[in-house]
């Protein structure tokens, strides 16, 4: 079996999928993981992931060129009656004359500087970076051996993923990537309903299969998904592979098991801890890392998990009219997630020329300034007996990250490192004091005596008192940082 394309690949040309399939089988057979779920439950989340807590997601692709609506523009421009359909016809012409493929030469990335990006991510306090290797649109942002429609051959004519992998590692950050290839089965199917270039056989290897979403993908698509994803593993050695929701379809199940066994065995060979991110029920608990899109959990999850969300409320990719969140909201979400045994993967959307929008950069640097003061309460920590206290409730579940009320000074979140407890207050109290009721002498949550209470970022000693009502702390007049603030509580060590 050969994955067909009408263009020419550099170097050795298109890869032979059947030969690569044999390599996948060989790696799985060599172990130690096999395709059975029981075997995959032997997977352990790596320490670097549980300690790192904060990563950067990057949605960057051809869809940044129109910069309209969101990153689903390539689908919606072919959905008759949609806002994107009308915008496309008015701005670029009929889809039969100017299709999504025609944006590719405009995706130049001429100002893309991978080292500058990676330096920004390090200053933001991130510990891992996850760019999109291929989104639903079918355009690979890497040197893909199974498609001519890739960034090395077209558009930027650069291996974007390869450059980012090298730059991120030069900053001593962990590199990961995401694949949204599964959804391409149906993503461009709107163009099959009217006269458009989606129906042109010359571009079937970009737009196809363009099938109804209700139709389960066939073996050809599933095999293509597997070899492309394994190729990403081998070429770039990512320590995270992030998947979107559609892999939860039952027909994907054996292919997910095969990929997980292959990837985990590669991680063993590399002597690097690796992780797969999944949504909903695509993987059984304990075989990969659960991910919640644009949402959080309402309580501590015993198994490590992750939130993926964006600095923008309305789009993952670049658009001209972003509805941005604030640094305060993002910091509060990070603290809440970490207190519940999670990590935050925060997305930005670069422009088609390769520059990161100024507001995206400002938000990242704002988080970085906060972490420079409060990182001890985040990095390398684990959940306490309870995640926190206070009047403000988080609406649990996906797509709820903008539904909570603003946190108050009475909203506290707890983390621990060894026998040290951190209490992070999500707002500064107007009266200059905070009482941590969970630390009252009669609650039974905190056993033993407190020897020291410190405010991260503040050198002067604090006045504090502990009784049945809680641990009451008098704060200094000057705040050590903007946004939330962190108390480090040291027990009496016997």
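Numbering (this note's numbering), first residue to last: 1 to 494. Backbone N, C-alpha and C define an ideal beta-carbon position, used for all residues, glycine too. Values in this document were obtained by computation on a predicted structure and should not be read as measured data.
{"Asked": "DSSP three-state assignment for residue 262, whether helix, strand or coil", "Found": "helix"}
{"Asked": "Residue 381 classed as buried or exposed, judged by whether at least 16 other C-beta atoms fall within 10 angstroms", "Found": "buried"}
{"Asked": "Residue 44 classed as buried or exposed, judged by whether at least 16 other C-beta atoms fall within 10 angstroms", "Found": "exposed"}
{"Asked": "Option nearest residue 399 by Cα separation, candidates 313, 462, 405 and 156", "Found": "313"}
{"Asked": "Inter-residue Cα distance where the pair is residue 436 and residue 471", "Found": "5 Å"}
{"Asked": "Beta-carbon proximity list for residue 3, same chain, < 6 Å, skipping 5 on both sides", "Found": "Because the pLDDT at residue 3 is just 27, under 50, the model does not fix this residue reliably, and the value given afterwards should be weighed accordingly. 17 and 146."}
{"Asked": "Element boundaries [beta strand (DSSP E), containing residue 57]", "Found": "54 to 58"}
{"Asked": "Residues near residue 229 by beta carbon distance below 8 Å, same chain, minus five either side", "Found": "179, 181, 241 and 259"}
{"Asked": "Residue closest to residue 245, alpha-carbon to alpha-carbon, out of 227, 184 and 207", "Found": "184"}
{"Asked": "Range of the contiguous alpha helix (DSSP H) that encloses residue 246", "Found": "Note, residue 246: premise wrong, no alpha helix (DSSP H); not H, not E."}
{"Asked": "Residue 235: first and last residue of the uninterrupted alpha helix (DSSP H) it sits in", "Found": "219 to 236"}
{"Asked": "Residue burial classification, residue 321 (beta-carbon count within 10 angstroms, cutoff 16)", "Found": "exposed"}
{"Asked": "Member of 117, 136, 123 and 124 whose CA lies at the smallest distance from the CA of residue 163", "Found": "117"}
{"Asked": "Alpha-carbon spacing of residue 339 relative to residue 297, whole angstroms", "Found": "10 Å"}
{"Asked": "Nearest neighbour of residue 308, chosen from 281, 55 and 161 [CA to CA]", "Found": "55"}
{"Asked": "Alpha helix (DSSP H) segments (min. 4 residues) lying fully within the segment 380 to 453", "Found": "none"}
{"Asked": "Three-state class that DSSP yields for residue 465 in the structure shown", "Found": "strand"}
{"Asked": "Beta-carbon spacing of residue 112, residue 65 below 8 Å", "Found": "no"}
{"Asked": "Segment limits, alpha helix (DSSP H) that includes residue 472", "Found": "Note, residue 472: premise wrong, no alpha helix (DSSP H); beta strand (DSSP E) at 470 to 474."}
{"Asked": "Pair within 8 Å by beta-carbon distance, residue 392 and residue 419", "Found": "no"}
{"Asked": "Sheet register partners of residue 140 (DSSP bridge)", "Found": "134 and 150"}
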